[in-house]
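Chain order of the listed sequences is A and B. If you read the first sequence in the numbering used here, its first letter stands for residue 16, the second for the next number, and so on. If you read the second sequence in the numbering used here, its first letter stands for residue 57, the second for the next number, and so on. Every residue gets a Cβ at the ideal spot worked out from N, C-alpha and C, and that includes glycine.
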Amino acid sequence: KAGVTQTPRYLIKTRGQQVTLSCSPISGHRSVSWYQQTPGQGLQFLFEYFSETQRNKGNFPGRFSGRQFSNSRSEMNVSTLELGDSALYLCASSSRPRTGIYNEQFFGPGTRLTVL
Amino acid sequence: LAKTTQPISMDSYEGQEVNITCSHNNIATNDYITWYQQFPSQGPRFIIQGYKTKVTNEVASLFIPADRKSSTLSLPRVSLSDTAVYYCLVGPMYGGSQGNLIFGKGTKLSVKP
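Pasting the structure below:
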């Protein structure tokens with residue numbers, strides 16, 4: 016099976032702009048989660064989608080939003096970018112129901128966002 | 057949500073066995089323990105998962121004492137390619153969301169020649 020893919024891999028934006036990142040999960044996986052990773056804060060959970068519904072949301076401002084399509088592909092959007100939004104954004108997919116390994120997530124390579 | 061505590065960093069040499077301990081004092085009865093590995097500029101990768109006692113796979117072993125308040129990831133005979141960040145996660149076995157699994161900052165393992 017193909018792994019989780021994320022596009023674009025690298026992105027440079029300026030403050031105040033908005034950005035949309037895309038994630039294609041492993042075929043058959045219906046759960047997609049997004050994470051932000053920075054050197055200072057580590058890996059932080061943004062939100063999870065399952066069957067086009069947001070299942071859980073981390074402690075991030077409303078500028079961060081996401082959605083999931085019927086084919087399980089997901090997008091996340093960040094509006095009014097700030098310098099502190101510079102980070103590696105990771106997408107992960109998992110299968111449900113679980114089959115032995117609970118909640119195993121398969122991560123994509125990430126999108127490196129730089130805000131100038 | 058069960059909070060985990062693990063060392064920020066560890067150093068080792070090639071060929072040595074490395075043990076990384078994670079504390080999770082408030083682990084719940086239905087929580088399991090999962091470890092991920094992350095190389096620079098890549099997403100984390102699942103290593104091993106367990107509920108109690110010992111679990112072993114081709115990559116690592118996981119030791120969990122009877123009280124389950126801690127766990128130890130054991131990497132046998134590490135090589136330079138094992139240099140990575142290792143995350144310990146504790147979360148519910150049934151139901152719940154991926155958001156209930158907190159990665160934190162992990163343990164940065166540096167393997168030297």
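query: CB of Lys59(B) within 8 Å of CB of Asn82(B), strictly; result: yes
query: Backbone secondary structure at Gly155(B) - three-state DSSP; result: helix
query: Span separating the alpha-carbon of Leu131(A) from that of Arg24(A); result: 17 Å
query: From Phe121(A), Ser108(A) and Thr29(A), residue whose alpha carbon lies closest to that of Ser66(A); result: Ser108(A)
query: Own chain partners of Val141(B) with C-beta closer than 6 Å, once the 5 adjacent residues on each side are dropped; result: Gln94, Gly162 and Lys164
query: Residue from Gln52(A), Leu98(A), Arg127(A) and Ser48(A) with nearest C-alpha to Arg88(A); result: Ser48(A)
query: Other residues of its chain near Tyr107(B): CB distance less than 6 Å, five sequence neighbours each side excluded; result: Tyr88
query: Gly31(A) versus Ser101(A) - alpha carbon distance; result: 13 Å
query: Positions along the segment 57-68 of chain A whose CB lies within less than 9 Å of some CB in chain B; result: Gly57, Leu58, Gln59, Phe60, Leu61, Phe62, Glu63 and Phe65
query: Proximal chain A residues relative to Gln98(B), where beta-carbon distance stays under 7 Å; result: Pro124
query: Segment limits, beta strand (DSSP E) that includes Ala140(B); result: Ala140 to Pro148
query: For Asp100(A), three-class secondary structure by DSSP; result: helix
query: Among Leu26(A), Arg70(A) and Phe62(A), nearest to Gly77(A) - alpha-carbon criterion; result: Phe62(A)
query: C-beta neighbour in chain A for Phe95(B), strict 8 Å; result: no
query: Whole-Å CB distance - Ile104(B) paired with Val111(B), under 8 Å assumed; result: 6 Å
query: In chain order, each alpha helix (DSSP H) run of at least 4 residues that lies wholly inside the segment 102-146 of chain B; result: none
query: Member of Ser80(A), Phe122(A), Ser42(A) and Asn118(A) whose CA lies at the smallest distance from the CA of Thr35(A); result: Ser80(A)
query: Rounded separation between Ile76(B) and Asp67(B) - CA only; result: 11 Å
query: Nearest to Leu96(A) (by Cα), restricted to the options Val19(A), Ile27(A) and Ala17(A); result: Ile27(A)
query: 8 Å Cβ cutoff, Gly73(A) in contact with chain D; result: Given the protein chain composition of this structure (A and B), no chain D is represented.
query: Coil, strand or helix - Phe79(A) by DSSP; result: strand
query: Short CB-CB distance (under 8 Å) between Glu119(A) and chain B; result: yes
query: Length of the line joining the Cα atoms of Arg124(B) and His80(B); result: 8 Å
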